[in-house]
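Residue numbers (numbering that gives the first Met the number 0): 0 to 100.
Positions of the beta carbon are idealized from the N, C-alpha and C atoms, including for glycine.
Because the structure is a prediction, the values reported are computed rather than measured.
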Amino acid sequence: MALARDRSPSEILASPDLYDGRALVIAGTIGNLKELLSKRGNPYYVFELEDGRRAIRVVSFGNTLCKAGAYATVEGRFRKVKRQGQETVYNEVEAYRVTCR
0 MALARDRSPS EILASPDLYD GRALVIAGTI GNLKELLSKR GNPYYVFELE
50 DGRRAIRVVS FGNTLCKAGA YATVEGRFRK VKRQGQETVY NEVEAYRVTC
100 R
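Structure, rendered in structure tokens:
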């Protein structure tokens, strides 16, 4: 699958309807990194990808090799609104690849 050029969190959040449901590449600095376990015991992690102006939530499954403060490129699918049971999450990227630089 060919993906477009790297986007910034500010660019995505300025036009969330344009990117909703689309695969994209987004780049920025990792902040607020949390490594967690699902109810089934599977590892995943959540972080904010920041560009100095705005931040977007990213979730990825597995373990991360990245550290908070690292510059990263994220390949994934953006969702403007995601409902999980009783929880509603806004402006999230479900990553299928996170690359630290």
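Does DSSP put leucine 64 in a helix, a strand or coil?
Reading the sequence shown from its first residue, position 65 is the one you call residue 64. Reduced to three states, the DSSP call for leucine 64 is coil.
Along the chain, where does the alpha helix (DSSP H) containing alanine 13 start, and where does it finish?
As a position in the sequence shown, residue 13 is number 14, starting the count at 1. Note, alanine 13: alpha helix (DSSP H), 8–13.
Please report how far the alpha carbon of isoleucine 29 lies from the alpha carbon of serine 9, in whole angstroms.
Walking along the sequence shown from the start, residue 29 turns up at place 30. Walking along the sequence shown from the start, residue 9 turns up at place 10. Answer to the nearest angstrom: the Cα atoms are 14 Å apart.
Hey, valine 24 and threonine 72 are a contact pair by Cβ (cut 8 Å); roughly how many whole angstroms apart?
Against the sequence shown, residue 24 aligns to sequence position 25. Against the sequence shown, residue 72 aligns to sequence position 73. With a Cβ gap of about 6 Å, valine 24 and threonine 72 count as contacting.
Expressed to the nearest angstrom, what Euclidean distance is found between the alpha-carbon atoms of arginine 53 and glutamine 85?
Taking the sequence shown and counting its residues from 1, the one referred to as residue 53 is at position 54. Taking the sequence shown and counting its residues from 1, the one referred to as residue 85 is at position 86. Spanning the two alpha carbons is a distance of roughly 26 Å.
Based on the DSSP output, what are the partners of alanine 103 in its beta bridges?
An answer regarding residue 103 cannot be provided, because it is not within the stretch 0 to 100 covered by the chain.
Please classify leucine 17 as buried or exposed, where buried requires at least 16 other C-beta atoms within 10 Å of its C-beta.
Sequence index remark: in the sequence shown, residue 17 carries index 18 (1-based). Its Cβ having fewer than 16 others within 10 Å, leucine 17 is exposed.
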